[in-house]
Amino acid sequence: GILTIPKINVNLPIFDQTTMKLLEKGACLLEGTSYPIGGKSTHAVLSSHRGLSQAKLFTNLPQLKIKDHFYIEINGQYLAYQVDQIKTVEPTETEALQIQEDQDLVTLVTCTPYMINSHRLLVRGHRIVVEPEEIKESLEKVKQAKCTAFLLVSGLIGVLLLLFLVILIKFLKK
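Just so you know, we're using this note's numbering here: the sequence shown kicks off at 11 and counts up by one.
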């Protein structure tokens, strides 16, 4: 599956196991929790790193607020979730990750505070029904943000290369 969080421009693969290597590449399903396929009395827990130099992952997860949306794509179907709870807990506190009867929940987990990692940030969302157009618009915004960032970085590299060539040519003429 794929996890998309439009507010923080995140689009990550979902892995069905948790390893150190996979935590650096996407969102990992916490062992013993529900698969993120939706349904009553389910609670999927997805975790990922924050603060890695080579990947954004859940670095900006603390920017999410109550009522923000995130989406999970599983086998071509999109499930929408609205954030309804944000809390910080000790690593051993798991009560907030339990299944709640008749609820379809997903909790996003990362370490906090940044670079100290003594606690866990839990951002929980409950399943909502949204129009397919709204989901497509949100996904498109994430793609556009990534393309814009790529173009800006590419442009900056191009300008720096051009500047380097101009300086090199002037140096060689002397």
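All residues carry an ideal CB built from backbone N, CA and C; glycine is no exception.
Item: Taking the alpha-carbon of H136 as reference, which of T28, S63, L89, L33 has the nearest alpha-carbon?; Value: L89
Item: Going by beta-carbon coordinates alone, are S57 and T120 separated by less than 8 Å?; Value: yes
Item: Sorted by chain position, which residues of the same chain lie with C-beta nearer than 8 Å to Q110's C-beta, five sequence neighbours on each side aside?; Value: S51, H53
Item: Just verifying my parser: in three-state terms, what is the DSSP assignment at L162?; Value: helix
Item: Starting from the C-beta of K77, find all residues in its chain whose C-beta is less than 7 Å away, skip the five residues before and the five after it, and write them out in chain order.; Value: Q92, V93
Item: Based on the DSSP secondary-structure assignment, which residues constitute the bridge partners of G49?; Value: Its beta-bridge partners do not exist; DSSP assigns none.
Item: Per DSSP, G135 is paired with what?; Value: V93, V116
Item: Whose CA, out of L118, T102, V152, L40, lies closest to the CA of K17?; Value: V152
Item: Is the beta carbon of L115 less than 8 Å from the beta carbon of R134?; Value: yes
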